[in-house]
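Colleague: Residue 19 in our numbering sits at position 19 of the sequence shown, and the numbers go up by one each step.
Structure provided below as C-alpha coordinates; questions to follow.
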Amino acid sequence: MKKEATSNNSLTDWNRLNALQDADIDLTDCPEVTPEQFAKAVVRRGGLTSKTNKEQITLRLDKDVLDWFKAQGQRLY
(Lines of atoms letter the chains of each structure in order from A and count residues from 1; the text may use other names and numbers.)
(Lines give C-alpha, C1' and ligand atoms only; values in the text may rest on other atoms or scores of the structure.)
Protein backbone atom coordinates (compact mmCIF):
# COMPACT_ATOMS: atom_id res chain seq x y z
CA MET A 1 0.00 0.00 0.00
CA LYS A 2 1.31 3.45 -0.88
CA LYS A 3 2.02 5.74 2.04
CA GLU A 4 0.31 8.64 0.22
CA ALA A 5 -2.98 7.43 -1.23
CA THR A 6 -4.12 10.89 -2.27
CA SER A 7 -2.53 14.18 -3.13
CA ASN A 8 -2.13 16.75 -0.37
CA ASN A 9 -1.81 19.56 -2.91
CA SER A 10 -4.73 21.94 -2.64
CA LEU A 11 -6.06 23.49 -5.83
CA THR A 12 -7.58 26.36 -3.84
CA ASP A 13 -6.15 29.83 -4.40
CA TRP A 14 -5.78 30.67 -0.69
CA ASN A 15 -4.20 34.08 -1.34
CA ARG A 16 -7.25 35.15 -3.34
CA LEU A 17 -9.63 33.87 -0.66
CA ASN A 18 -7.69 35.52 2.16
CA ALA A 19 -7.83 38.83 0.27
CA LEU A 20 -11.64 38.74 0.05
CA GLN A 21 -13.60 41.19 2.16
CA ASP A 22 -16.97 40.23 3.65
CA ALA A 23 -18.71 42.55 1.19
CA ASP A 24 -17.10 40.67 -1.74
CA ILE A 25 -18.80 37.37 -0.88
CA ASP A 26 -22.01 36.64 -2.80
CA LEU A 27 -24.61 35.37 -0.33
CA THR A 28 -27.66 35.70 -2.59
CA ASP A 29 -28.18 31.92 -2.70
CA CYS A 30 -27.99 31.59 1.12
CA PRO A 31 -31.28 32.16 2.94
CA GLU A 32 -31.31 34.31 6.06
CA VAL A 33 -31.46 32.44 9.35
CA THR A 34 -34.43 33.54 11.43
CA PRO A 35 -34.47 33.95 15.23
CA GLU A 36 -36.93 31.03 15.36
CA GLN A 37 -34.40 28.80 13.61
CA PHE A 38 -31.70 29.85 16.08
CA ALA A 39 -34.06 29.06 18.97
CA LYS A 40 -34.55 25.52 17.63
CA ALA A 41 -30.85 24.96 16.93
CA VAL A 42 -29.03 22.12 18.67
CA VAL A 43 -25.28 22.33 19.17
CA ARG A 44 -23.59 19.03 18.39
CA ARG A 45 -19.89 18.41 18.68
CA GLY A 46 -17.90 15.41 17.66
CA GLY A 47 -19.08 12.40 15.74
CA LEU A 48 -21.65 9.94 16.95
CA THR A 49 -23.95 11.20 19.67
CA SER A 50 -24.88 7.87 21.21
CA LYS A 51 -22.65 5.14 22.59
CA THR A 52 -25.11 2.59 21.25
CA ASN A 53 -23.95 3.41 17.73
CA LYS A 54 -20.58 1.76 18.38
CA GLU A 55 -19.88 -1.91 18.73
CA GLN A 56 -16.54 -3.35 19.77
CA ILE A 57 -15.11 -5.94 17.40
CA THR A 58 -11.82 -7.69 16.85
CA LEU A 59 -10.31 -7.16 13.43
CA ARG A 60 -7.06 -8.55 12.11
CA LEU A 61 -5.21 -6.31 9.65
CA ASP A 62 -1.97 -6.66 7.76
CA LYS A 63 0.83 -4.70 9.42
CA ASP A 64 1.19 -2.31 6.46
CA VAL A 65 -2.53 -1.46 6.59
CA LEU A 66 -2.41 -0.73 10.33
CA ASP A 67 0.80 1.31 9.87
CA TRP A 68 -0.97 3.39 7.21
CA PHE A 69 -3.84 4.22 9.59
CA LYS A 70 -1.41 5.12 12.37
CA ALA A 71 0.57 7.35 9.98
CA GLN A 72 -2.55 9.44 9.33
CA GLY A 73 -2.02 11.02 12.75
CA GLN A 74 -5.66 10.85 13.83
CA ARG A 75 -7.03 8.34 16.26
CA LEU A 76 -9.71 6.94 13.93
CA TYR A 77 -8.78 3.30 14.35
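We put the beta carbon where it would ideally sit given N, CA and C, even for glycine.
Keep in mind it's a predicted model, so treat the numbers as computed, not measured.
1. DSSP three-state label for Gln21, please.
2. Once you ignore the five residues that flank Leu17 on each side, which residues in its own chain have a CB closer than 6 angstroms to its CB?
3. Quick one: grab the DSSP three-state call for Arg16.
4. If I follow the unbroken alpha helix (DSSP H) through Asp64, where does it start and stop?
5. Taking the alpha-carbon positions, what's the Ala23 to Asn15 distance?
Modeller: If we stick to the structure as given:
1. Taking the first residue of the sequence shown as 1, we reach residue 21 at position 21. If DSSP states are grouped into helix, strand and coil, Gln21 belongs with coil.
2. The residue given as residue 17 occupies position 17 in the sequence shown. The answer is none, since no qualifying residue turns up.
3. Numbered from its first residue, the sequence shown carries residue 16 at position 16. Arg16 falls in the helix class under three-state DSSP.
4. For this step, residue 64 is matched to residue 64 along the sequence shown. Run containing Asp64: 63 to 71, per the alpha helix (DSSP H) assignment.
5. Residue 23 sits at position 23 when you count from the first residue of the sequence shown. Residue 15 sits at position 15 when you count from the first residue of the sequence shown. Across the structure, Ala23 and Asn15 are spaced so that their CA atoms are roughly 17 angstroms apart.
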